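First to last, the sequence lines map onto chains A and B. Those letters in the first sequence? Residues 1245 to 1395, by my numbering. Those letters in the second sequence? Residues 135 to 328, by my numbering.
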Amino acid sequence: MTPKNECLLIVDRLGNLLENDLPPGELLLIRAHLQDCEACSRAFTDTKSIIAGIAARNDDHEEAWIESTLARVPQMLATERLPPVRNHDRTLALSFAALLVLATTLKFATPDDFAANSLKDVPRAVLERLRPLASQLRGFYFVGPSRGDAR
Amino acid sequence: MSDDPADFVLRARRGDKAAFESLIALHGADLLRFLLRLTGRREEAQDVFQDSLLLAFRSIASLRDAEAFRPWLAMIATNVFKKRARRNRGPMPLELTPEITDPATMEHESLSSALESQERARLLRAAIDELPARQRAVISLRLDLGLPFQQIGTTLGISEENARANHYQALKTLRKSLPSFSRSLGSERFLDER
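This is the structure we're talking about:
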């Protein structure tokens, strides 16, 4: 490899070198090259200085502007109402309810219903099945356990 | 009450506005630097920042990973910027006017170094403003927000390799456009420092 080609490869890897993103073997080779090559060493110093310059935050006016903008954040959000809490529990409950309806439909629908492409009797069948359960629950919540049970 | 940023996210998700403001106090400065580099104009950066805040505030409940607030916020800001740029249809004008501190207000001995520092900052800002938008974004996401390349890729909707390539190209261009930058800084050689 000619020295110039080697230099091109080295300069290509300067960013990785600064990011500590090189395998140890390659790191040694590049450091050895930088030791001997004035041009690559200068390119490395330039890159490093540019990165340091961007990170330096030495623009006083920019920093003052950032500070004043951040000071206005409460004001920016003042008119904003609390974010609508996306209730994952509610989403889960609705999904579960939909699944339950589907499962119940499949349970109470007869093969004839499907064959006739008519499921209109299914809700009535479901309600009939649920009625005893509903009356039991109503009795429990509104009347409470009977005295006989209590004894 | 915990000062853990992830805890702020959890509280903000429950509608705690103060927790959200604490998050912005932590990440807002870097986000503003990023937006300033992206837009090239303070006024535009401020508008994008405000829109991004409101959007983030409204949708923080959708943020699943509390640790990922920073890249998530950067992604929202990038999308807001893209949307505004599409609406405006055209390149954003660049604000390259240097703002020099009034020398009369400065101590005499610090005047020279402060002016030199401001001049370097101005040169660098001008060179960054000349970069293509994507390279500007990658450089700023990497150096101002400290995001890894994988997250930079996600934020900008490009691959990690593409993010790396843009970073490389940006540094290469900056090296070419600022040939005397390191000399003006008086930097020592890297190998001497090690």
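Virtual Cβ for every residue (Gly too), placed ideally from N, Cα, C. Keep in mind the model is a prediction, meaning the values are calculated, not measured.
With the rule of 3 Cβ pairs closer than 8 Å, the segment 178 to 197 of chain B does not count as touching the segment 297 to 304 of chain B. Closest option to E1270 (chain A), judged by alpha-carbon separation, among A:S1312, A:I1254 and A:A1378: A:I1254. Legend: CB atoms of the segment 1288 to 1299 of chain A lying less than 7 Å from CB atoms of chain B belong to residues F1288, T1289, D1290, T1291, K1292, S1293, I1294, I1295, G1297, I1298 and A1299. Nearest C-alpha to A163 (chain B) among A:S1285, A:N1264 and A:A1299: A:A1299. The shortest C-alpha to C-alpha distance from L187 (chain B) to any of B:I273, B:R171, B:S156 and B:I286 is the one to B:S156. Proximity to L277 (chain B) across B:E295, B:V143, B:L169 and B:K216 peaks at B:L169, based on C-alpha coordinates.
For E1263 (chain A), the closest of B:R309, B:L305 and B:L312 by C-alpha to C-alpha distance is B:L305. Around T1313 (chain A), the beta-carbon contacts reaching into chain B at under 7 Å are L166, Q180 and F183.
The segment 280 to 290 of chain B makes no contact with the segment 171 to 186 of chain B; the number of CB pairs closer than 8 Å stays below 3.
Of the residues B:S196, B:R268 and B:L197, the one whose Cα lies closest to the Cα of T212 (chain B) is B:R268.
If you draw a straight line from the Cα of N1260 (chain A) to the Cα of F1288 (chain A), it comes to about 11 Å.
R254 (chain B) and D199 (chain B) have their C-alpha atoms some 39 Å from each other. 8 Å or more divides the Cβ of F183 (chain B) from the Cβ of T1348 (chain A). Counted as a single uninterrupted DSSP element, the alpha helix (DSSP H) harbouring D181 (chain B) occupies residues R176 to S193. Against chain A, the CB of F191 (chain B) has a partner CB under 8 Å away; the residue lies at that interface. Contact between F203 (chain B) and H161 (chain B) is confirmed by a C-beta separation of about 7 Å, below the 8 Å threshold.
Boundaries of the alpha helix (DSSP H) around P205 (chain B): F203 to N222.
Annotation for E1250 (chain A): H1277 place their beta carbon closer than 7 Å to its own, counting only its chain and skipping 5 residues before and after.
Per DSSP, reduced to three states, the secondary structure at E1324 (chain A) is coil, with no helix or strand assignment. The Cβ atoms of T289 (chain B) and A208 (chain B) sit closer than 8 Å to each other.
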